[in-house]
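>
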Amino acid sequence: MSGFGRGDPFLADCPARLAVELIADKWTVVVLYGLSKGPVRHGELIELIGGISRKMLTQTLRRLQAHGLIRRRAYGEVPPRVEYELTALGATLIDPIHVLTERARANGDAVLDALDAGPEPVARKD
């Protein structure tokens, strides 16, 4: 017996699993952090992030907007101007992102050393 019951974190339809699936996307955390200082235009995000295509940024922004984490604001100007900003809900992820960033800085060398060392042999039971 596993010891897990219905409604346990990270199983099936639980909110924690939804949150992990959302932030596990390659670009989600980077885009959220890019919006953490205030409203930003699409082109500015492209320059800020680097390595993300316009199409992928657009898809990520739409996904974050659908989840209520960011707001898209279109201004009635010529030429058109659109800005993206965090919602209050999206802003709640900035502190956890910061913690993960600090953890990566503190342990990055150890992770690289482990990767360089290769896999450890698996102990066999005879």
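Position 64, counted from 1, in the sequence shown is what the UniProt record's numbering calls 64; the numbers after and before it change by one each time, with no gaps.
For each residue, glycine too, the CB sits at the ideal point set by N, CA and C.
The model shown is predicted, which means the values in this text are computed figures rather than measured ones.
Whole angstroms are fine: how far does the CA of Asp109 sit from the CA of Asp95?
Roughly 23 Å between the two C-alpha positions.
> Given Thr60, which residues of its chain have a CB within under 8 Å of its CB, disregarding the five upstream and five downstream residues?
Only Asp25, Trp27, Thr28, Val31 and Ile52 meet the Cβ criterion.
> Using alpha carbons as the reference points, say which of Ala88, Leu112, Arg103 and Glu102 lies closest to Ser36.
That would be Ala88, whose Cα lies nearest to the Cα of Ser36.
> Nearest CA to the CA of Leu69: which residue from Ile97, Leu18, Gly76 and Glu85?
For Leu69, the nearest C-alpha among the options comes from Glu85.
> Over the uninterrupted beta strand (DSSP E) stretch that includes Leu86, give me the two end residues.
Counting along the chain, the beta strand (DSSP E) containing Leu86 begins and ends at Arg81 to Leu86.
> Start and end of the beta strand (DSSP E) containing Ile70?
Element bounds for Ile70: Ile70 to Tyr75.
> Is DSSP giving Val111 helix, strand or coil here?
Val111: helix per DSSP, three-state reduction.
> Among the residues of its own chain, which have a CB less than 8 Å from the CB of Gly90, if the five just before and after it don't count?
Result list for Gly90: Leu32, Leu35, Leu64, Gly68, Leu69 and Ile70, in chain order.
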